[in-house]
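Below you'll find the structure, written out as structure tokens, and then a few comments.
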């Protein structure tokens, strides 16, 4: 299915590892290049855009930022070593020395494993903290039995950060796809301006030849003097139109140069010698099942829809956490004690049933707010957000599918217009040739011949405009289906 779509969309996809196009800094093009000049293809432009454009580089930072968010969240599970000492001596009399060192290792399922050594000595040490002079080592575990057992803030933070990676990737692709789409549209505008300039320059050349021929025939008495004025006026009109087209070509070249950057993040301009690739001369039709296939592809990979799904994932994790907050806080803290040296794996026999029953420290804590107004309100707000996001996803899905169908309709309509316009150009060419023959036989006038040529040029320019619009529609259809990079 995806291979069929790739072939269907025209083969303009590029790879980030593609070879670099030979564009170097150069002055702005002052004149259109000739037909023998090197071609700066659309694939060359898109290579520059995806690898070097500041927007593309900025978008490439989003997944890395999301990865660091995941790393930050996982830091909540880092082991933690603490040590504290409190002592008091007054008038040469030692009151107490209280020392506690602990290593705490959080586990994924909510419990914390801890091991430590404490020593409390002195005449006035708190009896709760008193130990023998050799100290006391312990190995224990803290387990939540209600709230925090299935999910807690640490696990929720990690899972939300992981969902953020999908959101960041969708944002990256969305920004890059919009950039690629606009670059493709501007490229085909540049190609259209080149084609228009070539047509108008040929039109001026024809008017110059005709003016010289008419002037010679006026000198020989075959034509009236007013015919030379008519030929000269037409030549000047075409020269003025050509001058305007040359300005449009230069401006289009400058606009396209906005997408060109070198590896040092410095802007570069198109060399004056390059020319665009030709406008599409063939206009394939869409297969009958292609629109449905593209709509299905868009539902799966479109960045806007993937962003909404990532937000839903984050909100679902938040809902689980808030639902867990409705449970009471009940935790168990158990520490196995041993006087003196820490526990040693070389003495497993000492840890028998009698020892476990007589050498421990146990703690149980319980807390529960009676009204739960904060917890219930937060959970209800989360439900509203979930509903809003789900409705937004439904609307965005419908919009994406409609956009695909709309662009596909434009594709087919342009094919029909292109076919008709091509016939119009052929008919205008026949009429111009016929008028030329009549003029050479003395049966027509310079005015009528100029009119036929103007109609022919107008038809050719219209055909070029439709060709450029057709190429832009191809790029728009790729964007509507989720973007070129997503379809690879």
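In mature numbering (1 follows the signal peptide of the UniProt record, and there is no 0), the protein residues as written are -19 to -1, 1 to 469.
Just so you know, even glycine gets a beta-carbon here, dropped at the ideal spot from N, CA and C.
Residue environment: residue 382 is assigned as buried (16 or more neighbouring CB atoms within 10 Å of its CB, all protein chains considered). Residues of the same chain with a CB within less than 8 Å of the CB of residue 373, apart from the 5 flanking positions on each side, are 289 in chain order.
Judged by their CB atoms, residue 81 and residue 99 are nearer to each other than the 8 Å cut-off. The continuous beta strand (DSSP E) containing residue 123 extends over residues 117 to 125. Between residue 86 and residue 93, the C-beta gap is smaller than 8 Å, which places the two residues in contact. Residue pairing by DSSP places residue 83 opposite 63 and 97 in a beta bridge. Secondary structure at residue 314: strand, using DSSP grouped into helix, strand and coil. Here residue 320 is near residue 113, since their CB atoms are less than 8 Å apart.
Cβ-Cβ distances below 6 Å link residue 433 to 412, 413 and 416 in the same chain, with the five nearest sequence neighbours on each side left out; the list follows chain order. At least 8 Å separates the beta-carbon of residue 298 from that of residue 127. The residue from 119, 97, 56 and 142 with its alpha-carbon nearest to that of residue 43 is 142.
As a beta-bridge residue in DSSP terms, residue 343 pairs with 315. Rounded to whole angstroms, the gap between the alpha carbons of residue 368 and residue 166 is 37 Å. Residue environment: residue 450 is assigned as buried (16 or more neighbouring CB atoms within 10 Å of its CB, all protein chains considered). In terms of Cβ geometry, residue 134 and residue 337 do not form a close pair [threshold 8 Å]. Approximately 39 Å separates the beta-carbon atoms of residue 261 and residue 47; this is outside 8 Å, ruling out the contact. The DSSP-derived three-state label of residue 73 is coil. DSSP places residue 375 inside the alpha helix (DSSP H), whose first and last residues are 354 to 421. Per the coordinates, the alpha-carbon of residue 389 lies some 31 Å from the alpha-carbon of residue 232. Assignment of residue 28 by DSSP, reduced to helix, strand and coil, places it in the helix class. Taking the C-beta atoms as reference points, residue 104 is found nearer than 8 Å to residue 76.
If you look at residue 440, you'll find it in the alpha helix (DSSP H) that goes 427 to 461. Residue 285 sits buried, since 16 or more C-beta atoms from the chains shown fall within 10 Å of its C-beta. Residues of the same chain with a CB within less than 8 Å of the CB of residue 51, apart from the 5 flanking positions on each side, are 139, 142, 143, 145 and 146 in chain order.
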